[in-house]
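A.B. asks:
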Amino acid sequence: MVSPMKFNLHDLLAADRFVVTAEVSPPKGSDCGEFMEKARALRGTVDAINVTDNQGANMRISPLAPAALLAGEGIEPILQLTCRDRNRLALQSDLLAAATFGVTNVLALTGDYITFGDHAGAKPVFDLDAVQLLQTIAALNSGRDLAGTTLHGVPAFFPGAAAAPEAEPFELTLVKLRKKAAAGARFFQTQALFSPEKLVRFMEAVRPLGVKVIAGVILLKSAGMARYMNARIPGLTVPQELIAELDDAERPLEAGVAIARRLVAAFRPHCDGIHIMAMGKEALIPEILADLHRSDGSEG
Amino acid sequence: MIVSKQKPFPEILASLENVSRVFLIGCAKCATVCKSGGEEQVWQMQEDLVAAGKEVTGSVVIDEACHMLRVQRDLRAKGEMVTAAEALIVLSCGAGVQSVSAGSNRMTVAALDTLFLGNIRRFGQFEQRCSLCGECRLNETAGICPVTVCPKGLLNGPCGGMSEGKCEVSPDAECAWYQIYVRLRDRGDHPLPHETIPPKDFSKQIRPGSLKLEK
């Protein structure tokens with residue numbers, strides 16, 4: 001067994017260390033073998049791994065199981081939890097289950113709408129929204145459930161929230177970000193960004209909230225993927241010059257890695273961490289991060 | 001008004017297997033306005049059924065099919081036309097269908113799908129703006145209902161899918177929270193409320209709903 005990650009996300013951010021997180025999708029099925037291999041390979045490269053929750057409204061294993069497996073091996077998980085598929089009872093009971101398995105980082109999300117996914121006829125829940133979910137986490141941390149009843153065994157969650165720095169009008173999204181901060185969000189993980197200017201604007205606006213910002217970088221695997229994202233993924237715009245760069249590249253994936261690597265370097269001075277979305281190509285993450293001089297000793 | 005639309009005719013026919021004589025019931029209120037169950041549609045349905053080999057014993061367009069006593073009275077008045085039929089085909093909302101099924105021992109066939117409580121934007125164009133949630137929040141949201149206009153019913157601002165003020169679910173539609181934001185801004189009114197709105201109380205809409213006025 002490789003040695004565990006030495007510091008948890010909370011401690012790293014509290015110590016003003018620059019953090020790196022990466023997203024790994026749980027399997028569609030009950031075999032977490034490949035998921036765990038990908039996660040183990042990232043030990044020493046990233047500080048925490050986001051475990052996505054039925055992402056894009058496509059049914060997969062509950063992120064709770066793979067997150068618990070990670071915690072069991074000393075790999076720091078960030079459990080993504082959406083309001084789309086669970087009412088307030090289910091959210092609270094899943095959170096308590098996470099705490100039992102030693103999963104403490106939770107990214108509180110609204111969730112993509114249900115018709116985007118592979119069970120388009122399912123009933124969308126949205127009993128709570130992301131702000132109310134953060135309030136729920138704060139309540140559980142204080143030893144009470146949403147009904148005000150005392151808990152037997154009190155969790156210690158480290159809650160985070162999503163942010164879309166490029167979404168317009170920014171003033172409108174900022175109102176919600178303020179509510180998320182007031183509801184106890186301690187870190188923001190952002191939607192994929194392509195512009196350092198947008199990140200700087202975002203940082204200026206959210207700095208007063210005292211919430212750490214982990215900027216999202218997505219690996220563009222091809223020009224086709226970039227165009228698809230522009231057409232289909234809300235709040236995200238790949239600039240035309242990047243699409244042209246991918247179009248012109250002999251090996252688009254290598255060009256995508258180079259772009260991601262450039263973005264990491266450009267964002268590095270402005271934020272508290274980087275969140276890599278490698279879209280299944282997690283093996284390329286070390287290459288994307290190659291310019292980050294990591295001297296924080298968290299290598300496994 | 002209650003917005004409804006006709007089921008595909010083959011589907012209606014399929015529920016009439018082994019039935020040869022039918023009586024048709026329309027509604028003079030909502031189903032007439034959205035052209036799913038008024039005089040004209042009842043007549044057309046009769047034509048189509050006859051062409052499909054069914055015998056139509058008669059028809060009636062009831063003033064308000066959701067009015068249970070009125071439905072019973074109007075059906076009684078039609079006497080043998082109703083009793084001779086093996087099935088009653090109802091071109092009204094689900095409430096109207098159930099006024100009929102509660103007041104008759106005949107097989108009742110719903111010919112419409114009931115969609116939503118709708119506003120009439122212009123003739124033939126209907127929009128849902130209220131979802132009958134039992135806990136009106138319009139006073140806090142500039143008179144625009146996020147419970148209904150936002151597909152996720154979000155109470156505390158837009159989701160991450162808002163882009164240029166548009167909704168992630170239907171990109172042609174404006175985000176409910178963008179609409180609220182613009183209305184408050186244009187009014188020169190208060191900015192968007194910064195207080196977090198607590199979770200909705202779904203016990204306010206326990207089904208089936210009922211209300212009995214005190215004398």
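Those protein sequences? They're chains Z and S, same order as listed. Position 287, counted from 1, in the first sequence is what the numbering used here calls 287; the numbers after and before it change by one each time, with no gaps. Position 186, counted from 1, in the second sequence is what the numbering used here calls 186; the numbers after and before it change by one each time, with no gaps. For every residue, glycine included, the Cβ atom is placed at its ideal position computed from N, Cα and C. Given the structure is predicted, the values throughout are model-derived calculations rather than measurements.
1. Is the CB of Z:R178 under 8 Å away from at least one CB in chain S?
2. Go to S:F116, then tell me how far its beta strand (DSSP E) extends in each direction, as first and last residue.
3. S:I64 and S:C27: beta carbons closer than 8 Å?
4. For Z:A266, which residues of its own chain have a beta-carbon under 7 Å away from its beta-carbon, when the five flanking residues on both sides are left out?
5. Does S:G228 come within less than 8 Å of chain Z when only Cβ atoms are used?
6. In chain S, what lies closer than 8 Å to Z:Y113 by C-beta?
7. Going by the CB atoms, is the gap between Z:V106 and Z:P159 shorter than 8 Å?
8. What separation, rounded to the nearest whole angstrom, lies between the Cα atoms of S:I144 and S:G134?
9. Would you mind working out which of Z:G44, Z:D85 and Z:S62 sits nearest Z:E76, comparing C-alpha positions?
10. Rounded to whole angstroms, how far is the Cβ of S:I180 from the Cβ of S:P151, which I believe are closer than 8 Å?
11. Which residues in the same chain as Z:Q55 place their Cβ atom closer than 7 Å to its Cβ, once the five residues preceding and following it in sequence are excluded?
12. With three or more beta-carbon pairs closer than 8 Å as the criterion, would you say the stretch 250-259 of chain Z touches the stretch 196-212 of chain Z?
13. Output, in sequence order along the chain, the residues in the stretch 167-194 of chain Z whose CB is closer than 8 Å to any CB in chain S.
14. I need the straight-line Cα distance from S:I12 to Z:I243, nearest angstrom please.
15. Are at least three pairs of beta-carbons, each pair with one atom in the stretch 165-182 of chain Z and one in the stretch 197-204 of chain Z, less than 8 Å apart?
16. Would you mind reading off the limits of the beta strand (DSSP E) that contains S:S99?
17. Report back the beta-carbon spacing between Z:P27 and Z:I49 to the nearest angstrom; my notes put them in contact at under 8 Å.
18. Nearest-angstrom Cα distance between Z:K38 and Z:P286?
19. Taking Z:L133 as the reference, give the member of Z:L13, Z:K123, Z:Y228 and Z:R88 with the closest Cα.
20. When we look at the beta-carbon of S:E168 and count the other beta-carbons within 10 Å, is it buried (16 or more) or exposed?
21. So Z:F187 packs on Z:L263, CB below 8 Å; how close in whole Å?
22. Compare the C-beta of Z:F18 with all C-beta atoms of chain S and state if any pair is closer than 8 Å.
23. Which residues mark the beginning and the end of the alpha helix (DSSP H) in which S:M81 is found?
24. Might you give, ordered along the chain, the residues of its own chain that have their beta carbon closer than 7 Å to the beta carbon of Z:T173, omitting 5 neighbours on each side?
25. Can the beta-carbon of Z:L70 be found less than 8 Å from the beta-carbon of Z:D47?
26. Please work out which residues of its chain come closer than 7 Å, Cβ to Cβ, to Z:M1, disregarding the five sequence neighbours upstream and downstream, and give them in chain order.
27. Using a Cβ cut-off of 8 Å (strictly closer), state whether Z:P234 contacts chain S.
28. For Z:V131, go through chain S and note every residue whose CB falls closer than 7 Å to its CB, in chain order.
29. Run the CB neighbour count on Z:E282, radius 10 Å, all protein chains shown included, and call it buried at 16 or more, exposed below.
30. Measure the alpha-carbon distance for Z:G143 versus Z:V125 and round it to whole angstroms.
31. Near S:M107, which residues of its chain fall below 6 Å by C-beta distance, leaving aside the five closest residues on each side in sequence?
32. Use the C-beta contact count for Z:Y228: other C-beta atoms within 10 angstroms, 16 or more gives buried, fewer gives exposed.
33. For S:G165 and chain Z, any beta-carbon pair shorter than 8 Å?
34. Hey, would you say Z:I137 sits closer than 8 Å to Z:G184, going by beta carbons?
C.D. replies: From the atom records:
1. Here residue 178 of chain Z refers to the residue found at position 178 when the first sequence is read from its first residue. Interface criterion met: the Cβ of Z:R178 is under 8 Å from a Cβ in chain S.
2. Within the second sequence, residue 116 of chain S is the residue found at index 116, counting from 1. That run of the beta strand (DSSP E) goes L112 to R122.
3. The residue labelled residue 64 of chain S in the question sits at position 64 within the second sequence. The residue labelled residue 27 of chain S in the question sits at position 27 within the second sequence. Strictly speaking, residue 64 of chain S in this sequence is Glu, with Ile absent from that position. For S:E64 and S:C27, yes; Cβs fall inside 8 Å.
4. Numbered from its first residue, the first sequence carries residue 266 of chain Z at position 266. Contacts found: P196.
5. This structure does not reach residue 228 of chain S, given that chain S is present from 1 up to 215, and the question cannot be answered.
6. Translated into the one-based positions of the first sequence, residue 113 of chain Z becomes position 113. Within 8 Å Cβ-Cβ: P151, K152, G161, E168 and V169.
7. Counting from one through the first sequence, the residue named residue 159 of chain Z turns up at place 159. Counting from one through the first sequence, the residue named residue 106 of chain Z turns up at place 106. Result yes, Cβ atoms of Z:P159 and Z:V106 sit closer than 8 Å.
8. As a first step, residue 144 of chain S is located in the second sequence; it is residue number 144 there, counting from the start. As a first step, residue 134 of chain S is located in the second sequence; it is residue number 134 there, counting from the start. Cα to Cα, the separation comes out at about 16 Å.
9. If you number the first sequence from 1, residue 76 of chain Z lands on position 76. Z:E76 has its Cα closest to that of Z:G44, out of Z:G44, Z:D85 and Z:S62.
10. Here the question's residue 180 of chain S lines up with position 180 in the second sequence. Here the question's residue 151 of chain S lines up with position 151 in the second sequence. S:I180 to S:P151, Cβ: 15 Å. No contact.
11. In the first sequence, counting from the first residue as 1, residue 55 of chain Z sits at position 55. The residues are S25.
12. no
13. A167, E168, P169, E171, L172, T173, V175, K176, R178, K179, A182, A183 and Q191
14. Here residue 12 of chain S refers to the residue found at position 12 when the second sequence is read from its first residue. Here residue 243 of chain Z refers to the residue found at position 243 when the first sequence is read from its first residue. Cα-Cα distance, rounded: 51 Å.
15. Result yes; three or more Cβ-Cβ pairs closer than 8 Å.
16. Position 99 of the second sequence holds residue 99 of chain S. In the DSSP annotation of this structure, S:S99 is not part of any beta strand (DSSP E); the continuous alpha helix (DSSP H) holding it starts and ends at G94 to G103.
17. Along the first sequence, one-based indexing puts residue 27 of chain Z at 27. Along the first sequence, one-based indexing puts residue 49 of chain Z at 49. In fact, because the Cβ distance is near 14 Å, the residues do not count as touching under 8 Å.
18. Within the first sequence, the letter at position 38 stands for residue 38 of chain Z. Within the first sequence, the letter at position 286 stands for residue 286 of chain Z. A direct Cα-to-Cα measurement between Z:K38 and Z:P286 gives close to 12 Å.
19. The residue labelled residue 133 of chain Z in the question sits at position 133 within the first sequence. The residue with the shortest Cα to Cα distance from Z:L133 is Z:R88.
20. By 1-based counting over the second sequence, the position of residue 168 of chain S is 168. S:E168 should be labelled buried.
21. Taking the first residue of the first sequence as position 1, residue 187 of chain Z is located at position 187. Taking the first residue of the first sequence as position 1, residue 263 of chain Z is located at position 263. Actually they are not in contact, since the Cβ atoms of Z:F187 and Z:L263 sit about 19 Å apart, beyond 8 Å.
22. Here residue 18 of chain Z refers to the residue found at position 18 when the first sequence is read from its first residue. So no, Z:F18 is outside the interface.
23. What you label residue 81 of chain S is simply residue 81 of the second sequence in a count that begins at 1. Residues E80 to T83.
24. As a working note, residue 173 of chain Z is residue 173 in the first sequence. So the list reads A164 and A167, once near-sequence residues are dropped.
25. If you number the first sequence from 1, residue 70 of chain Z lands on position 70. If you number the first sequence from 1, residue 47 of chain Z lands on position 47. Against a cut-off of 8 Å, the Cβ pair of Z:D47 and Z:L70 comes out as no contact.
26. The residue labelled residue 1 of chain Z in the question sits at position 1 within the first sequence. Bear in mind that the predicted position of Z:M1 carries a pLDDT of just 39, short of 50, making it unreliable; the figure below should be weighed with that in mind. Counting only Cβ-Cβ distances below 7 Å, and skipping sequence neighbours, we find nothing.
27. The residue labelled residue 234 of chain Z in the question sits at position 234 within the first sequence. It does: the Cβ of Z:P234 has a partner Cβ on chain S nearer than 8 Å.
28. As a working note, residue 131 of chain Z is residue 131 in the first sequence. Within 7 Å Cβ-Cβ: N156 and T196.
29. As a position in the first sequence, residue 282 of chain Z is number 282, starting the count at 1. Classification for Z:E282: buried.
30. Here residue 143 of chain Z is taken as the residue at index 143 of the first sequence, counted from 1. Here residue 125 of chain Z is taken as the residue at index 125 of the first sequence, counted from 1. Distance between the alpha carbons of Z:G143 and Z:V125 is about 26 Å.
31. Here residue 107 of chain S corresponds to residue number 107 of the second sequence, with the count starting at 1. Only A87 meet the Cβ criterion.
32. As a working mapping, residue 228 of chain Z is identified with position 228 in the first sequence. Under this definition Z:Y228 is an exposed residue.
33. By one-based count along the second sequence, residue 165 of chain S stands at place 165. It does; some Cβ of chain Z falls within 8 Å.
34. As a working mapping, residue 137 of chain Z is identified with position 137 in the first sequence. As a working mapping, residue 184 of chain Z is identified with position 184 in the first sequence. In this structure, Z:G184 lies closer than 8 Å to Z:I137 by Cβ.
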